[in-house]
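Number of protein chains: 2
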Amino acid sequence: MRVYNFSAGPAMLPLPALERAQAELTDWQGSGMSVMEVSHRGKAFIACAAHAEESLRELLSIPSDYRVLFLQGGATAQFAAIPMNLTAPGAKVAYIKTGQWSGKAIAAAKAQAVSVETVADESASGYTTVPAADQYVVPADAAYLHYTPNETIGGVEFNYVPEAGGSPIVADMSSTILSQPIDVSRFGVIYAGAQKNMGPAGLAVVIVRDDLLGRARPTTPAVMDFTQMAASGSMLNTPPTFSIYLLGLILDWIKQEGGLAEMAARNQAKSEALYSAIDSSSFYSNPVVLDARSRLNVPFTLADPSLDGEFLAGGEAAGLTNLKGHRSVGGMRASMYNAMPLAGTKALIDYMEAFARGR
Amino acid sequence: MRVYNFSAGPAMLPLPALERAQAELTDWQGSGMSVMEVSHRGKAFIACAAHAEESLRELLSIPSDYRVLFLQGGATAQFAAIPMNLTAPGAKVAYIKTGQWSGKAIAAAKAQAVSVETVADESASGYTTVPAADQYVVPADAAYLHYTPNETIGGVEFNYVPEAGGSPIVADMSSTILSQPIDVSRFGVIYAGAQKNMGPAGLAVVIVRDDLLGRARPTTPAVMDFTQMAASGSMLNTPPTFSIYLLGLILDWIKQEGGLAEMAARNQAKSEALYSAIDSSSFYSNPVVLDARSRLNVPFTLADPSLDGEFLAGGEAAGLTNLKGHRSVGGMRASMYNAMPLAGTKALIDYMEAFARGR
Chain H
1 MRVYNFSAGP
11 AMLPLPALER
21 AQAELTDWQG
31 SGMSVMEVSH
41 RGKAFIACAA
51 HAEESLRELL
61 SIPSDYRVLF
71 LQGGATAQFA
81 AIPMNLTAPG
91 AKVAYIKTGQ
101 WSGKAIAAAK
111 AQAVSVETVA
121 DESASGYTTV
131 PAADQYVVPA
141 DAAYLHYTPN
151 ETIGGVEFNY
161 VPEAGGSPIV
171 ADMSSTILSQ
181 PIDVSRFGVI
191 YAGAQKNMGP
201 AGLAVVIVRD
211 DLLGRARPTT
221 PAVMDFTQMA
231 ASGSMLNTPP
241 TFSIYLLGLI
251 LDWIKQEGGL
261 AEMAARNQAK
271 SEALYSAIDS
281 SSFYSNPVVL
291 DARSRLNVPF
301 TLADPSLDGE
311 FLAGGEAAGL
321 TNLKGHRSVG
331 GMRASMYNAM
341 PLAGTKALID
351 YMEAFARGR
Chain C
1 MRVYNFSAGP
11 AMLPLPALER
21 AQAELTDWQG
31 SGMSVMEVSH
41 RGKAFIACAA
51 HAEESLRELL
61 SIPSDYRVLF
71 LQGGATAQFA
81 AIPMNLTAPG
91 AKVAYIKTGQ
101 WSGKAIAAAK
111 AQAVSVETVA
121 DESASGYTTV
131 PAADQYVVPA
141 DAAYLHYTPN
151 ETIGGVEFNY
161 VPEAGGSPIV
171 ADMSSTILSQ
181 PIDVSRFGVI
191 YAGAQKNMGP
201 AGLAVVIVRD
211 DLLGRARPTT
221 PAVMDFTQMA
231 ASGSMLNTPP
241 TFSIYLLGLI
251 LDWIKQEGGL
261 AEMAARNQAK
271 SEALYSAIDS
281 SSFYSNPVVL
291 DARSRLNVPF
301 TLADPSLDGE
311 FLAGGEAAGL
321 TNLKGHRSVG
331 GMRASMYNAM
341 PLAGTKALID
351 YMEAFARGR
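Sequence lines, in order, name chains H and C. FYI, my numbering numbers position 74 of the first sequence as 74, with every residue one higher than the one before it. FYI, my numbering numbers position 283 of the second sequence as 283, with every residue one higher than the one before it.
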C-alpha cells in the first residue's frame, strides 16, 4: 500500500509516527480531543512541546547556551529573519553560494539592506561543487557567515564545516538536520524547515546561541524575532501545534532506531549504494564532483532524455514516486531522508538496472 | 469519548473532518502517501489547495477582484504584515481599540514606524463595549482603518461594519470568519488565523483586494509579502500543506451542513441560549453591554469566585473542557465556534444550572 517516496520535501515520514498520530487523531492522550484542538497554553500541550525540544536537544547534543525555537514560515522566512535578527542596516555579511537555496538566502539578505559579500560562488561549475576551505576568506568585520550545508536541487553537500574567523556561522540545515551527528557549538544559528526530516510543512526550527539574541531590528515582526520568541518559549503567538507534536513523534522514532549515528550510517549506506549503481552504469550519470555529492539528494540523468517520461511512469507503477528532477536541472532526483529505508533505495536501484537493461 | 471543548483556539473541530483525515492519514487518495508527504508542487496537492480556495470563495462569496492567500505565522504575523504591505514609513493609519487583540495590532503597527491614530478606544469601559458608528471619524488621509470584529478575550463583537470614508478597511476576523455570511466587498483586507473556525494552528488566510497589491515595502519578508505570495499562488515557499488540506475538509463539512447562513443561525442559537441562562441567573454574570456581546466567546463570572476551581473541575468531569477564562479577565469563558453543537451549549447550561442550584 505505502510507496517509496523520493520527494525532496515535503517528504516521506516514518510510518510508525504517522500511525501513532492516526490512532490518536480524534482522542489524544484520552482527552477526548485531537492534539489539534487542545489549547497551546494547556499543561498537556506544553509538555508535548517540551518533550519535542528535549528530544531535539538530546539527539543533537545542543549545548545549554543555545535556545531552540519553533517558528513558522519555513526556511524562506529565515532568509529574511537572519539579517533582521543579527544585523543593523548597512552591516557587512558573508555568504557562500552553492546553488539555488543559498542564492535565495543572498537575495533575501540584500532586501534587508545589508552589504553581502559572496565569499565563494560555485556558479561556474553549474553548482556541481562546493568550495574548498582554503578557497575563501571571511572578512573580519562580517556579522556572520551564511552557508547551505546541502543544496537539495543541485545535490551538493559540504563534508566539512567552514571556518569563519570570529564571525558566527549561520547554516540552513533544512535538508541535513538529524541526518547525522553535528557539533552545534560550531554554529551561531542553525535553522531548518521541518518538511524533510522533521515532520509536516509549516514548522521551522531555529537553534540560536544566547549571545546572538537581543540584536533584532525594531521592525522585525514579532513572530520572526528570535529574542521575543525565545523569551516566550515560542508561544508569543499560537504555535503550529500539530507539527510540533508530530516532530516529537518523529524524534521518538529516531531515538528508538538508534539515534543520529544510526541515521548517519543508514544515509551513508543508501547514498553509497545509489551512487555506486549510477557510476557503474553507462546509462545513468550524476554531474557532482565526488567530494561534494549529497548524501540526501541524488540527481541523475538518463543517457537518453527522451526516455525520462517512460522511466518516471514505470517508477510510479513500481511504487517509486516523486523521482522527477527539479525543473531547473532536469532528469531525475532521488531524495532519501531518514524515513527512506535502505529497501527503498535498493528497490530504486533494481528498477533502474532493469530499465537500463532493456535499452 | 469526545468532549465539548470550549477552548478559544486552538478550538474544537468538526469530527467528520477529523475522521476523514484520520482514515486517510497514511494513504491519501490511494497515493500510498500521507497528504503530509506529497509534494506541494504535485498535481494532487495543487488540486487540494485549489479546492480549499474555491470552497472559501463559494462560502464567503469572495469577489473576483480579491486574492486568497494561504500564509503562516497566524494573525500575529499579519499585525506586522498589514503596515508592511499597505504603507510606507511615516504613513498615517487608523485603528479601533476594543481589547487585547486590537491592542497588539496597534503595537505591531507602531513598530513599523507608522503614525497610528486610535480613533476609538474602549479601555474606559474595561473593554465591555464597542464604539457606535457615530463616535469616531477616520482621517481622510489614513492608509487604512483596522479593527477587530470580535475580541476573544473580552467577548465583545461589532454588530456592524465601520465606515472608513475612502480608506480601505482591514479586519482581523480570526474568531468570526465563516461564522456568518459577510460582504467581502466592504473590506480591503480580511485576515484570520485558522485555529478557531478553519483548522489547525499554523495557517493564516488573507483575503486582499487587488488594488492593494504592489505596495509592500522592500524590506517585507517574501513570505509576508501579499504581492509575491499572490503572484506565486501562495507557493513562493512550501505552504503548510496539512493545514490547507484540513481547511478544505472543514469547508466541505460547512457546505454539507448548509453553508454560512446555517452556521450563523446555529451560532446565534447557541449564544442566545447561553446569555439567556446567564442573565436569568443571579449566580452567573457577563459584563458586556447587550449590543456588543460576542456570539463566539462568552465570558462569565461566578458570584463567588472561590468556587471557580470547583466549577472547572466539575465541568471537566462532565466532559466540558477549557472553560477557564483568560488570565487577564478571570472567571470563565465559553468559546463556541462552528464545530460546537447546540447540544454542547445545552450541556454547559445544564451543568451551570445544576452547579448553581446546590449553592
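Ideal placement from N, C-alpha and C gives every residue a C-beta, glycine not left out.
- Cβ neighbours of S243 (chain H) within its own chain (closer than 7 Å, five residues either side excluded): A194, G199, P200, G202 and L203.
- DSSP places F311 (chain C) inside the alpha helix (DSSP H), whose first and last residues are D308 to A317.
- Only exposed fits N159 (chain H), as fewer than 16 other CB atoms lie within 10 angstroms of its CB.
- Rounded to whole angstroms, A140 (chain H) and S167 (chain H) show a C-alpha spacing of 7 Å.
- A direct Cα-Cα distance of roughly 15 Å separates V223 (chain C) from V208 (chain C).
- Taking C-beta separations shorter than 8 Å and ignoring five residues to either side along the sequence, the partners of V38 (chain H) in its chain run W28, S31, A44, F45 and T241, following chain order.
- Residue burial annotation: E151 (chain H) is buried, with at least 16 other C-beta atoms found within 10 angstroms of its C-beta.
- When the alpha-carbon of F187 (chain H) is set against those of H:S179, H:P287 and H:M173, the nearest one is in H:M173.
- R266 (chain C) is classed as buried because its beta carbon has at least 16 other beta carbons within 10 Å across all chains shown.
- The stretch 274-290 of chain C makes no contact with the stretch 315-327 of chain C: fewer than 3 CB pairs, one atom from each, lie closer than 8 Å.
- Nearest to R293 (chain C) by C-alpha distance, out of C:S102, C:T128 and C:E163, is C:T128.
- Within the stretch 12-26 of chain C, the residues whose Cβ lies closer than 8 Å to some Cβ of chain H are M12, L13, L15, L18, E19, A21, Q22, L25 and T26, listed in chain order.
- Of all residues in the stretch 53-73 of chain H, the ones placed with a Cβ closer than 9 Å to any Cβ belonging to chain C are L71, Q72 and G73, in chain order.
- With distances taken between CA atoms, A108 (chain C) lies nearest to H:L236 out of H:A77, H:K324 and H:L236.
- For L69 (chain C) and I82 (chain C), the gap between their C-alpha atoms comes out near 13 Å.
- Within the stretch 235-284 of chain C, the complete alpha helix (DSSP H) runs of at least 4 residues fall at 241-257 and 259-279.
- Here A347 (chain C) is near L320 (chain C), since their CB atoms are less than 8 Å apart.
- Of the residues H:G9, H:L260 and H:V114, the one whose Cα lies closest to the Cα of E58 (chain H) is H:L260.
- DSSP places T345 (chain H) within a helical segment (H, G or I) once states are collapsed to three.
- With respect to the 8 Å criterion, A264 (chain C) and Q135 (chain C) are not classified as neighbours on the basis of their beta carbons.
- In the structure shown, the three-state DSSP call for N159 (chain C) is coil.
- Fewer than three pairs of CB atoms, one per stretch, sit closer than 8 Å, so the stretch 279-291 of chain C makes no contact with the stretch 83-93 of chain C.
- Taking every protein chain shown into account, the CB of M1 (chain C) has fewer than 16 other CB atoms within 10 angstroms, so this residue is exposed.
- For L56 (chain H), the uninterrupted alpha helix (DSSP H) segment begins and ends at K43 to L60.
- Between A343 (chain H) and L18 (chain H), the alpha-carbon positions lie close to 19 Å from each other.
- Where K92 (chain H) is concerned, the enclosing beta strand (DSSP E) starts and stops at K92 to K97.
- Within chain C, no residue has its beta carbon less than 7 Å from that of E151 (chain H); the closest one is some 16 Å off.
- Cβ proximity to chain H below 8 Å picks out L236, N237, T238, P239, P240, T241, F242 and S243 from the stretch 225-244 of chain C.
- For A164 (chain C) against I177 (chain C), the beta-carbon gap comes to about 20 Å, at or over 8 Å, which does not count as contact.
- A303 (chain C) and I250 (chain C) have their C-alpha atoms spaced approximately 38 Å apart.
- One alpha carbon belongs to D225 (chain C), the other to R217 (chain C), and they sit about 9 Å apart.
- Note that the C-beta distance between P221 (chain C) and A80 (chain H) is below 8 Å.
- For N322 (chain C), a Cβ of chain H is located within less than 8 Å of the residue's own Cβ.
- Taking C-beta atoms under 8 Å as the contact rule, L290 (chain H) and S175 (chain H) fail to qualify, at a distance of about 19 Å.
- When 7 Å is used as the limit between beta carbons, M1 (chain H) is near these residues of chain C: D27 and G32, in chain order.
- Residue contact with chain C for S39 (chain H): present (Cβ-Cβ distance below 8 Å to some residue of chain C).
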